[in-house]
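Worksheet: the structure to be examined is printed underneath.
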Amino acid sequence: MFAGRTEKVQRVFGSIINTIPDPVYVKDHRHHWVVVNDAYCSFIGRSREAMINQVDYDFFPPQQSAHFWRQDELTFDSRIEQECEEELTNAQGKTYLVATKRSLYQNAMGELFLVGVIRDITQRKQMEEALRSTADELVRSNSELAKATDLLSHIAHHDHLTNLPNRKRFHEQLQQSLDRAKEQGHLVALLFLDLDGFKQVNDAHGHQVGDSLLKAVAQRLTNCLRSSDIVARLGGDEFVAILPNIPSAAAVCRVTEKILLTLNQSFMFEGKAMSISASIGISIYPIDCFAGSEPGEKTEREEEMKSLLNQADTAMYRAKKMGKNCYAFFSPRSLRPPLIFL
Numbered sequence: 206m207f208a209g210r211t212e213k214v215q216r217v218f219g220s221i222i223n224t225i226p227d228p229v230y231v232k233d234h235r236h237h238w239v240v241v242n243d244a245y246c247s248f249i250g251r252s253r254e255a256m257i258n259q260v261d262y263d264f265f266p267p268q269q270s271a272h273f274w275r276q277d278e279l280t281f282d283s284r285i286e287q288e289c290e291e292e293l294t295n296a297q298g299k300t301y302l303v304a305t306k307r308s309l310y311q312n313a314m315g316e317l318f319l320v321g322v323i324r325d326i327t328q329r330k331q332m333e334e335a336l337r338s339t340a341d342e343l344v345r346s347n348s349e350l351a352k353a354t355d356l357l358s359h360i361a362h363h364d365h366l367t368n369l370p371n372r373k374r375f376h377e378q379l380q381q382s383l384d385r386a387k388e389q390g391h392l393v394a395l396l397f398l399d400l401d402g403f404k405q406v407n408d409a410h411g412h413q414v415g416d417s418l419l420k421a422v423a424q425r426l427t428n429c430l431r432s433s434d435i436v437a438r439l440g441g442d443e444f445v446a447i448l449p450n451i452p453s454a455a456a457v458c459r460v461t462e463k464i465l466l467t468l469n470q471s472f473m474f475e476g477k478a479m480s481i482s483a484s485i486g487i488s489i490y491p492i493d494c495f496a497g498s499e500p501g502e503k504t505e506r507e508e509e510m511k512s513l514l515n516q517a518d519t520a521m522y523r524a525k526k527m528g529k530n531c532y533a534f535f536s537p538r539s540l541r542p543p544l545i546f547l
């Protein structure tokens with residue numbers, strides 16, 4: 206009886222499915238193949254005669270066969286068309302990734318048959334995976350490039366020893382601070398700091414200790430200042446600090462005194478205590494910026510920055526001449542004391 210039904214199904218489907226270029230098979234409710242087209246036989250690598258009335262477990266690996274069986278059962282039970290991606294290994298042992306669409310056909314006697322249509326998507330998936338890998342590699346490359354760019358930018362704008370902003374970055378930050386101060390009507394203080402006796406430290410203890418001292422000084426300076434303040438190393442033992450948005454000269458005095466007191470505390474290197482002091486010169490924008498100009502005269506920003514730095518440098522040398530370990534203000538127009546010692 207089953208043989209007669211199989212022959213009838215084969216007559217119904219055989220001539221039709223052989224015109225379809227995709228691999229197509231028909232199974233009965235026992236999961237037996239009853240019809241397979243030429244494309245399916247070629248894809249699987251088995252003859253039609255070998256496959257008819259056989260099941261997946263006769264030809265495919267157990268794991269794949271169990272999966273095919275479950276998908277067939279799902280289609281029979283739900284009577285809803287199913288489509289899924291799955292692996293299929295042919296007779297030659299080559300594994301493909303396929304998209305299989307399963308649907309049901311009911312004959313005049315009410316018998317259900319499962320019709321499966323297979324599309325080989327191996328190359329498509331390989332291309333998709335290659336594209337994903339390429340996209341991931343591009344993302345990684347872009348990320349690495351961005352990191353490298355950031356690193357190069359950091360190196361170009363920071364001192365290699367102390368990791369503080371270097372002279373170039375200092376000029377950029379000073380210009381930004383002066384631009385904001387001009388817009389908002391704030392004061393900006395510029396501190397020029399030179400270590401006292403640093404050459405003697407290098408001569409007596411070597412450059413390695415000298416470098417360690419510079420790094421420690423940089424850290425202490427940073428700790429003395431607000432997060433909005435900027436400290437930079439110009440080179441050698443020269444440092445500068447930008448104090449934006451200061452309320453008064455008195456506030457600058459407090460910060461500068463804190464710096465001097467902090468630097469006066471001993472540094473420990475290789476178990477030995479070492480002392481250092483600093484001389485600090487101070488100029489204030491916009492007061493000192495126009496110290497040499499007539500009221501109302503405008504100077505270009507580059508000239509303003511150059512003037513402020515030179516004036517702070519001049520004030521620093523004045524502090525040196527007066528005994529070191531102190532700070533001095535610049536500005537002939539200011540009523541502030543020109544020199545202040547600790």
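Those letters in the sequence shown? Residues 206 to 547, per my numbering, in order.
Each residue gets a CB set at the ideal place from its N, CA and C atoms; glycine is no exception.
Please report the residue range of the beta strand (DSSP E) in which T467 lies. Numbered from 1 along the sequence shown, position 262 holds the residue referred to as residue 467. Careful: T467 lies outside any beta strand (DSSP E), inside the alpha helix (DSSP H) at A454 to N469.
Cβ-based neighbour list, K503, same chain, cut-off 8 Å, excluding 5 preceding and 5 following: Position 298 of the sequence shown, counted from the start, is the residue given in the question as residue 503. Because K503 sits at a pLDDT of 47, beneath the cut-off of 50, its placement in the model cannot be relied upon, and the point is left open.
Are D384 and S484 close, meaning C-beta to C-beta below 8 Å? Numbered from 1 along the sequence shown, position 179 holds the residue referred to as residue 384. Numbered from 1 along the sequence shown, position 279 holds the residue referred to as residue 484. No, the pair does not count as a contact, with Cβ atoms beyond the cut-off.
Contiguous alpha helix (DSSP H) assignments of at least 4 residues, all confined to the segment 264-315: Within the segment 264-315, the complete alpha helix (DSSP H) runs of at least 4 residues are 267-283.
Simplified DSSP state of N368, which is helix, strand or coil: For the purposes of this step, residue 368 is taken as the residue at position 163 of the sequence shown. Here N368 sits in coil by DSSP.
Over the uninterrupted beta strand (DSSP E) stretch that includes Y230, give me the two end residues. The sequence position of residue 230 within the sequence shown is 25, counting from 1. V229 to K232 is the span of the beta strand (DSSP E), which, as asked, contains Y230.
Give me the Cα-Cα distance between H363 and G528, rounded to the nearest whole angstrom. Indexing the sequence shown from 1 puts residue 363 at position 158. Indexing the sequence shown from 1 puts residue 528 at position 323. Cα-Cα distance, rounded: 32 Å.
Bridge partners of V393, per DSSP? Taking the first residue of the sequence shown as 1, we reach residue 393 at position 188. DSSP, once it has assigned bridges, lists Y490 as partnering V393.
Assuming V322 contacts D227 (C-beta within less than 8 Å), just tell me the rounded distance between them. Along the sequence shown, one-based indexing puts residue 322 at 117. Along the sequence shown, one-based indexing puts residue 227 at 22. That belief holds up - the Cβ atoms of V322 and D227 are roughly 6 Å apart, short of 8 Å.
Just checking, does the segment 408-420 make contact with the segment 447-467 on the three C-beta pairs under 8 Å criterion? Under the Cβ criterion (8 Å, minimum of three pairs), the segment 408-420 does not count as touching the segment 447-467.
Return the residue from the list E292, E288 and I435 that minimises the CA-CA distance to S270. In the sequence shown, the residue the question calls residue 270 occupies position 65. Ranking the options by Cα distance to S270, first place goes to E292.
Could you tell me which whole beta strand (DSSP E) segments of length 3 or greater appear in the segment 391-443? 392-401 and 435-440
Alpha carbon to alpha carbon, how far is L540 from N428? Stepping through the sequence shown from its first residue, residue 540 is reached at position 335. Stepping through the sequence shown from its first residue, residue 428 is reached at position 223. Caution is warranted here: a pLDDT of 37 is assigned to L540, below 50, making its placement in the model unreliable, and the coordinate value is therefore given only provisionally. Spanning the two alpha carbons is a distance of roughly 30 Å.
Determine whether the beta carbon atoms of D233 and F318 lie at a separation below 8 Å. Within the sequence shown, the letter at position 28 stands for residue 233. Within the sequence shown, the letter at position 113 stands for residue 318. Going by C-beta atoms, D233 is nearer than 8 Å to F318.
Are A520 and G476 close, meaning C-beta to C-beta below 8 Å? Looking up residue 520 in the sequence shown gives position 315. Looking up residue 476 in the sequence shown gives position 271. Result no, Cβ atoms of A520 and G476 do not sit closer than 8 Å.
What's the C-alpha gap between V241 and G298? Here residue 241 is taken as the residue at index 36 of the sequence shown, counted from 1. Here residue 298 is taken as the residue at index 93 of the sequence shown, counted from 1. Taking the Cα positions, V241 is about 20 Å away from G298.
Between the CA atoms of G315 and I285 - distance to the nearest angstrom: On the sequence shown, position 80 is the one that residue 285 refers to. On the sequence shown, position 110 is the one that residue 315 refers to. Distance between the alpha carbons of I285 and G315 is about 16 Å.
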